[in-house]
């Protein structure tokens with residue numbers, strides 16, 4: 001889903017959805033269907049991999065995806081820990097997510113993390129539901 005949108009995750013924070021949509025449109029050199037409803041659920045779980053230096057970098061909405069996960073330094077990442085993260089987020093309108101909101105949230109969740117050599121957005125994949133909450137995996141590429 002949305003795999004035709006060009007975007008590179010980074011540390012910049014966008015204070016509004018409108019500001020973010022404008023920047024994505026500029027990068028793509030055209031308008032994109034940011035208003036299109038892509039998830040017709042009030043809550044979505046985002047799943048993604050990142051490199052962190054400590055659990056303190058996890059946001060309040062984030063947890064390690066596997067309850068029994070042990071932080072093991074990634075030997076290629078200067079002692080950082082490679083983790084799988086899950087974050088459950090409620091839609092702003094409490095009913096559904098637009099394409100723009102979904103990508104904005106994905107960017108915001110990862111803004112304080114390192115993605116190694118895979119900083120480019122490559123789309124969302126629909127993942128398994130957990131406790132009635134649909135999940136999307138944020139896929140990235142080099």
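In full-length UniProt numbering, the protein residues as written are 1 to 142. Yeah, the Cβ is synthetic: ideal placement off N, Cα and C, and Gly gets one too. In this text, all values refer to a predicted model and were calculated from it rather than measured experimentally.
* Asked: Do residue 5 and residue 98 have their CB atoms nearer than 9 Å?
  -> Not in contact: residue 5 and residue 98 (Cβ atoms no closer than 9 Å).
* Asked: Can you name, in chain order, every residue of its own chain whose Cβ lies under 6 Å from the Cβ of residue 33, other than the five neighbours on each side?
  -> 99
* Asked: Taking DSSP as the reference, what is the three-state secondary structure of residue 40?
  -> coil
* Asked: Is residue 20 closer than 9 Å to residue 110 when the C-beta atoms are compared?
  -> no
* From this set, 18, 42, 7, which residue's C-alpha is nearest residue 95's C-alpha? -> 42
* May I ask you to list the residues that DSSP assigns as paired with residue 140? => 121
* To do: Can you give me the Cβ contacts of residue 129 inside the same chain, cut-off strictly under 8 Å, excluding the 5 residues immediately before and after it?
  => 135
* Asked: If you draw a straight line from the C-alpha of residue 118 to the C-alpha of residue 141, how long is it?
  -> Their Cα atoms are separated by approximately 5 Å.
* Cross-strand partners of residue 46 (DSSP beta bridge) -> 87, 136
* Residues sharing a beta bridge with residue 63, DSSP -> 86
* Got a sec: does the ligand ATP put a non-hydrogen atom nearer than 8 Å to the Cβ of residue 95? -> With respect to the ligand ATP, the structure shown offers nothing to examine, as it has no ligands at all.
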